[in-house]
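206 is the number of the first residue of the first sequence in this note's numbering; add one for each residue after it.
Beta carbons are placed, not taken as given, at the ideal position from N, Cα and C, and that holds for glycine.
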Amino acid sequence: MRWNARNHPFVSVAFVTAFHLPHHASMSSVRVRFAPSPTGFFHIGSARTALFNWLYARHTGGAFILRIEDTDKERNSEAFLKLIYESMTWLGLDWDEGPNPDGNGERGAFGPYRQSQRGAIYEAYKQKLLASGRAYEKDGAVWFKLLGERYRVFDDHRKKEVEKVKCDPVVIDDQIRGRVERMEDEDFVIFRSDGNPVFHFVNVVDDIEMKVSHIIRGEDHLSNTSKHVRLYEGFGVTPPAFAHIPLILKSPEMGQGKMSKRDKGALIEEYQQRHFLPEALVNYLSLLGWNPGDDREKMSIAEIVRLFDLPAVNQSNAKFDGKKLAHLNMTYLLEQPAETFVALAKAFFATQPNGAAVMANENYFREIMLLAQPKIKSVDELAAYTAYFFTEDFVIDAKVKEKVMAKGDPKARLAEIIAALPTMDFSSDAAIEEAIKKLAAEKGLGFGDYQAVTRLAVTGTNAGPSITAIFRVLGRERVKARIERFLAGAQP
RNA sequence: GUCCCCAUCGUCUAGCCCGGUUAGGACGCCUCCCUUUCACGGAGAGAACCGGGGUUCGAAUCCCCGUGGGGACGCCA
206 MRWNARNHPF VSVAFVTAFH LPHHASMSSV RVRFAPSPTG FFHIGSARTA
256 LFNWLYARHT GGAFILRIED TDKERNSEAF LKLIYESMTW LGLDWDEGPN
306 PDGNGERGAF GPYRQSQRGA IYEAYKQKLL ASGRAYEKDG AVWFKLLGER
356 YRVFDDHRKK EVEKVKCDPV VIDDQIRGRV ERMEDEDFVI FRSDGNPVFH
406 FVNVVDDIEM KVSHIIRGED HLSNTSKHVR LYEGFGVTPP AFAHIPLILK
456 SPEMGQGKMS KRDKGALIEE YQQRHFLPEA LVNYLSLLGW NPGDDREKMS
506 IAEIVRLFDL PAVNQSNAKF DGKKLAHLNM TYLLEQPAET FVALAKAFFA
556 TQPNGAAVMA NENYFREIML LAQPKIKSVD ELAAYTAYFF TEDFVIDAKV
606 KEKVMAKGDP KARLAEIIAA LPTMDFSSDA AIEEAIKKLA AEKGLGFGDY
656 QAVTRLAVTG TNAGPSITAI FRVLGRERVK ARIERFLAGA QP
């Protein structure tokens, strides 16, 4: 089915209602939550789920809750917890309720927001089920009891006999997928024999207690939803709206299946370290499984917030494309004001081993960064792209050298440049250009005959800012020294 | 194996609900232009309706069956 729930008759009323809702209306009853568990690195799939929840909350003027699902004592870690706060903050996904971003204390009227601190609540809900006969103890664990006739059957997959319950299928009216039916026909554990509640149980209890109105989560949870709906029924509570968003899959060159933590580009931390612009990442992520319904791609966060809605979310999984993300990052970089870009560059070089040396001369640094701004796709490319400005110890690209030296008499051109250098006007790019053009004209040559070889000698590459800008910034003496050294063949 | 979800260029997608398009855009790739290299920018090329049946004058669009992809089947979350 290629058309989506935007057109689904069941949700069309909800769509119209949401559409006419004033943005950031204070009276919105929408409450959504992002509920990660601090058991691993914060990856792109989690970020996208968080983003869609955040977007929906901001679009409707509802509340965005961060709840920490730290019931797995074995695998939790404080470091991963901190990473959740940091990554979300970096992405600009601020939450209205939940632990404070610095990890000290929390905000919101429905806390505590860490499941590890909600034991008493879970216990009370367990007692409710026990008292109403919807839960029972077996093998030291507590099980949720389905209603219906029981029978036993051999399960091929699990290689054992299991007890099944005859009951009606659970019907889920998903905001994105429409009507989904699924059979839930086995009792399931809600408290482990070690006394700890399991995910399905705490998830539902918390969503009830925190008055969550829309559960927006990955499609991998769609098959859990039938369990959750049965639990809501068991508590006598109407389930919230569900919206299962498509998954992010590996790109074809990465292989098959869901994007996993081991895949290149899967971790938010990675983009943070590479100094990607968070707004570019957010823009890209928003386009994975959603679009504004027209050809717009580059959008400000505010615009995405305004346009985003659940029925417009796609139903099919999307493959991750690092190239498109890089392109988007470049377009954002291109439009940064000079001061902002220089600040970005400073933040990046502050993390580099030679950063202090590179930034030693403020004006020199600034000029070079601005020369590089229109040329790079991400800030972390600055190190390699501008390296030869900050060291005499740069390498000559062998392949480029071979190519450049093969044509004409490049050594003669270099000698001519050296000869012209002492009287060359270095006051502006235009003056340098004029001088080189004059030299070329005298020899019956063109600017290009000097450009490539000079660039090779002075920078070691065939890519970079204009050669005139390089001359001016480097200064007469360094240009001369570099060309002389190149002619002497002293470099590797 | 069982159940659930999904299916338009290599990739992200528009079009599908409400049948009639030269099937549109973007990334990537290629060519050309601009140009002082490399980028940017501009122009263009190439590139898709998974297959088969139906329904219909007419199907990417509606229905069915395959196939393919993804997910779930834990005292993980």
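In the assembly as shown, L539 is an exposed residue. Its beta-carbon has fewer than 16 other beta-carbons within 10 Å. Contact between the segment 412-422 and the segment 445-452 is present: three or more C-beta pairs spanning the two stretches fall below 8 Å.
Per DSSP, A531 is one residue of the alpha helix (DSSP H) stretching across G527 to L539. In the displayed model, K432 falls within a helix according to three-state DSSP. Short of 6 Å from the beta carbon of L530, and not among the five residues preceding or following it, lie these beta carbons of its own chain, in chain order: Y489.
Where E567 is concerned, the enclosing alpha helix (DSSP H) starts and stops at E567 to A577. Under the three-state reduction of DSSP, I395 is assigned to strand. Around F481, the same chain offers N534 and S583 as residues with beta carbons nearer than 7 Å, after the five sequence neighbours per side are excluded. Per DSSP, D373 is not a residue of any beta strand (DSSP E), being assigned neither H nor E.
Between the segment 623-639 and the segment 538-552 there are fewer than three C-beta pairs closer than 8 Å, too few to call the two in contact. Ranked by Cα distance from L452, the first of V235, A662 and A252 is A252. Under DSSP, G303 takes part in a beta bridge, and its partners are R312. DSSP lists V370 as the beta-bridge partner residues of R355. The way I'd put it, the segment 543-558 doesn't touch the segment 516-528; fewer than three beta-carbon pairs between them come closer than 8 Å. Counting the other Cβ atoms within 10 Å of the Cβ of G649 gives fewer than 16, which makes it exposed. In this structure, DSSP gives V237 an extended state, which the three-state scheme calls strand.
Ranked by Cα distance from A625, the options V609, K642 and H248 are led by K642. Per DSSP, the continuous alpha helix (DSSP H) segment holding I641 begins and ends at D634 to E647. Look at P402 here: in three-state DSSP terms it is strand. Taking 8 Å as the cut-off, the beta carbon of R501 is found no closer than this to the beta carbon of G439.
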